[in-house]
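Below you'll find the structure, written out as structure tokens, and then a few comments.
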Amino acid sequence: MNILRILTLLFLISINTSLFSQTIETPNSAFASHPLMITKIELSENQTVIELELENQSPNGYFCADKSISLLDTKRSVKYELIKSKGIPVCPANYKFKSVGEKLTFQLFFPEILPQTKYLSIIENCDNNCFSILGIIIDSEMNTEINLAYNYYFEGKLDFALAAFLNVIKNNPDYQFGYLYSNVIQIYAEKNDIESAKLWYNKLNESEFMDKKIVLNNLKSKAYYSKLIF
Numbered sequence: 025m026n027i028l029r030i031l032t033l034l035f036l037i038s039i040n041t042s043l044f045s046q047t048i049e050t051p052n053s054a055f056a057s058h059p060l061m062i063t064k065i066e067l068s069e070n071q072t073v074i075e076l077e078l079e080n081q082s083p084n085g086y087f088c089a090d091k092s093i094s095l096l097d098t099k100r101s102v103k104y105e106l107i108k109s110k111g112i113p114v115c116p117a118n119y120k121f122k123s124v125g126e127k128l129t130f131q132l133f134f135p136e137i138l139p140q141t142k143y144l145s146i147i148e149n150c151d152n153n154c155f156s157i158l159g160i161i162i163d164s165e166m167n168t169e170i171n172l173a174y175n176y177y178f179e180g181k182l183d184f185a186l187a188a189f190l191n192v193i194k195n196n197p198d199y200q201f202g203y204l205y206s207n208v209i210q211i212y213a214e215k216n217d218i219e220s221a222k223l224w225y226n227k228l229n230e231s232e233f234m235d236k237k238i239v240l241n242n243l244k245s246k247a248y249y250s251k252l253i254f
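For the sequence shown, the working numbering begins at 25 and goes up steadily by one.
As structure tokens, this is what we get:
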């Protein structure tokens, strides 16, 4: 085999590997039941690895992962079962935190997911204090748009943030979670545009979003909530 054929072969292998490999850093999600953050998702043709970070908030905190954890593609009604976990004890064994604020990083391993998957959810199937993370976004363009919206918001550029969030909603009508609506409502309320905030609250209330009850309950804690319902 001559050097040209070797280089061509290596090039093709590199292309094939890149087609089946992807890493998503700190993806956005709709809801997490615990102080959990997904730090990384690694997708390949062989497996899906989700890295999570849990921050302890209790003086006597402990944590474990059940053997039965599902990764859901709710849009396609596909379920992937946990293969193994790493860095976290399997219940009933548990990791005991040494202090408040201590962070624990661990990985969950699942089978490879279907191509063109955009959204995932993690559900721990157990009897007590089970964790879940809903509406995980693995679409890179959508994550970029959401991050831009948050950057504008934290910089105090409310009009730009609002336009960015509205753009995300418009461009991703198949997203089954309503937390983006709560961001729109929040910004309209901060802009003192209560009529627009009420309009989006009503859209949320009339929706079939999977997290609708969670989002509506969170809105009840806001100072402007009473203005939304009258």
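Glycine residues also receive a C-beta, built at the ideal position from the N, C-alpha and C atoms.
Keep in mind the model is a prediction, meaning the values are calculated, not measured.
Does the distance from the C-beta atom of residue i to that of residue j stay below 7 angstroms?
{"i": "Tyr-203", "j": "Ala-89", "result": "no"}
{"i": "Thr-141", "j": "Asp-97", "result": "yes"}
{"i": "Leu-95", "j": "Tyr-104", "result": "yes"}
{"i": "Pro-116", "j": "Gln-81", "result": "no"}
{"i": "Lys-222", "j": "Leu-243", "result": "no"}
{"i": "Gln-71", "j": "Phe-155", "result": "no"}
{"i": "Glu-169", "j": "Val-192", "result": "yes"}
Leaving aside the five residues before and after residue i along the sequence, list all residues of the same chain whose C-beta is less than 8 angstroms from its C-beta, in chain order.
{"i": "Leu-36", "result": "Low confidence applies here, because Leu-36 scores a pLDDT of 45, under 50, leaving its location unreliable; read the following figure in that light. So no residue of the chain qualifies."}
{"i": "Ile-211", "result": "Tyr-177, Leu-182, Ala-185, Leu-186 and Phe-189"}
{"i": "Ser-57", "result": "Cys-154, Phe-155, Ser-156 and Ile-157"}
{"i": "Thr-63", "result": "Glu-49, Thr-50, Glu-75, Leu-76, Glu-77 and Thr-129"}
{"i": "Ile-93", "result": "Glu-105, Leu-106, Ser-109, Leu-132, Ile-146, Ile-147, Glu-148 and Asn-149"}
For residue i and residue j, I'd like the C-alpha separation in whole angstroms.
{"i": "Ile-209", "j": "Phe-130", "result": "34 angstroms"}
{"i": "Thr-50", "j": "Ile-74", "result": "10 angstroms"}
{"i": "Ile-112", "j": "Asn-171", "result": "29 angstroms"}
{"i": "Asn-216", "j": "Glu-69", "result": "49 angstroms"}
{"i": "Glu-230", "j": "Ser-206", "result": "14 angstroms"}
{"i": "Tyr-143", "j": "Trp-224", "result": "23 angstroms"}
{"i": "Asn-152", "j": "Val-114", "result": "14 angstroms"}
Between residue i and the rest of its own chain, which residues show a CB-CB distance below 7 angstroms, the 5 nearest in sequence each way excluded?
{"i": "Phe-201", "result": "Ala-54, Leu-158, Gly-159, Phe-233, Met-234 and Asp-235"}
{"i": "Lys-120", "result": "Tyr-86"}
{"i": "Asp-198", "result": "Lys-99"}
{"i": "Pro-83", "result": "Val-124"}
{"i": "Asn-52", "result": "Ile-161, Asn-167 and Ile-170"}
Per DSSP, what kind of secondary structure is residue i in: helix, strand or coil?
{"i": "Leu-243", "result": "helix"}
{"i": "Asp-90", "result": "coil"}
{"i": "Glu-136", "result": "coil"}
{"i": "Glu-77", "result": "strand"}
{"i": "Ser-123", "result": "coil"}
{"i": "Tyr-248", "result": "coil"}
{"i": "Leu-96", "result": "strand"}
{"i": "Met-166", "result": "helix"}
Counting Cβ pairs, one atom from each stretch, are 3 or more of them under 8 angstroms apart for the stretch 120-134 and the stretch 67-85? yes
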